[in-house]
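The structure appears below as structure tokens.
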Amino acid sequence: MATWLDIIGSILIGTLVIFLVMKLNYQVSNNSSEISSNGMVQSYLTTISTVMENDIYKVGYRISDPNKLNIADSNRFSYKADVNNDGTADSVRYYLGTTSQAGKTSNPNDKPLYKVLNGGTSVSIGFVRDCHFTYYDSTGRQILSYANPTNVDTLKKVRVINVYIKCESPYLINNYYQTAEYSRKIKPVNLK
52 MATWLDIIGS ILIGTLVIFL VMKLNYQVSN NSSEISSNGM VQSYLTTIST VMENDIYKVG
112 YRISDPNKLN IADSNRFSYK ADVNNDGTAD SVRYYLGTTS QAGKTSNPND KPLYKVLNGG
172 TSVSIGFVRD CHFTYYDSTG RQILSYANPT NVDTLKKVRV INVYIKCESP YLINNYYQTA
232 EYSRKIKPVN LK
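Using this note's numbering, read the sequence shown as starting at 52 and increasing by one per residue.
As structure tokens, then:
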């Protein structure tokens, strides 16, 4: 009888150990997927934010016209600058597309973020969940330009541009998308 109890006890303990190892393996696999996905989203966000940050610092570069901004809206932004450093004023515009324009992504929340140079073809610089701009005057007060985003008097007051971007992973990991956010107040030197 004692032998049978030893065998049954061994089987129960062995089964418990196998289940614990399987659960540990599952947790390690899930954590690895989350870390990998999070790193991918962070890298993706860094690429998009670097492009935008470099461009926004150039607002008004080598432009003598006091009207250096064309549009200052929450989800679209346009300005003048000598982007190519060739002595010619260029027009740069950023705007957020719609989820229907992001057809090839597996994340239904993705929207393309477009950049247009000199009225040419819209080029997607990446897919984001959200992107919006906020504007501030020289005293740090927020400028509410959304009612009339092309008002010249309002645009002349802008001194600081806050960029907010939120990206999500392309695939679900544990029933949710990994997210990464970027928010930065940029003070272009040529907005005076």
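Glycine residues also receive a C-beta, built at the ideal position from the N, C-alpha and C atoms.
Nothing here was measured: the structure is a model prediction, and the numbers come from that model.
Pick from the options that is closest to residue i, judged by C-alpha positions
| i | options | result |
| --- | --- | --- |
| V174 | P200, D161, L147 | L147 |
| T139 | N126, K155, L168 | L168 |
| Y187 | R210, T66, N160 | R210 |
| N136 | V92, M103, R113, A123 | R113 |
| S100 | K238, V214, L242 | V214 |
| T190 | L96, K243, V203, R235 | K243 |
| M231 | W55, C182, N81 | The sequence shown places Ala at residue 231, rather than the Met named in the question. Comparing Cα-Cα distances from A231 to each of W55, C182, N81, the minimum goes to C182. |
| N126 | N81, S115, P221, R180 | R180 |
Through-space distance from residue j to residue i, alpha-carbon basis
| i | j | result |
| --- | --- | --- |
| I107 | L223 | 32 angstroms |
| T205 | N118 | 10 angstroms |
| L75 | I64 | 16 angstroms |
| S61 | V72 | 16 angstroms |
| V102 | Y130 | 15 angstroms |
| R192 | K236 | 13 angstroms |
| S88 | N105 | 26 angstroms |
| M91 | Q229 | 9 angstroms |
| V240 | Q152 | 34 angstroms |
| Q78 | G154 | 33 angstroms |
| E219 | K109 | 28 angstroms |
| F70 | L56 | 21 angstroms |
| L96 | G111 | 25 angstroms |
| N82 | L67 | 22 angstroms |
Residue j beta carbon less than 8 angstroms from that of residue i
| i | j | result |
| --- | --- | --- |
| Y145 | L164 | yes |
| S159 | T149 | Inspection of the sequence shows that residue 159 is occupied by Pro rather than by Ser. Contact flag unset, no. |
| I122 | T172 | no |
| F178 | T156 | yes |
| I176 | K166 | yes |
| A132 | D141 | yes |
| N226 | E85 | no |
| I216 | Y233 | yes |
| I194 | K208 | yes |
Any non-hydrogen atom of the ligand NAP within 7 angstroms of residue i CB
| i | result |
| --- | --- |
| N121 | Inclusion of the ligand NAP in the displayed structure is not the case, the ligand content being empty and no account of it being possible. |
Q. Where are the alpha helix (DSSP H) runs, 4 residues long or more, that stay fully inside the region 87-135, in chain order?
A. none
Q | Contiguous beta strand (DSSP E) assignments of at least 3 residues, all confined to the region 136-203 | A | Whole beta strand (DSSP E) segments, 3+ residues: 141-147, 162-168, 174-179, 181-187.
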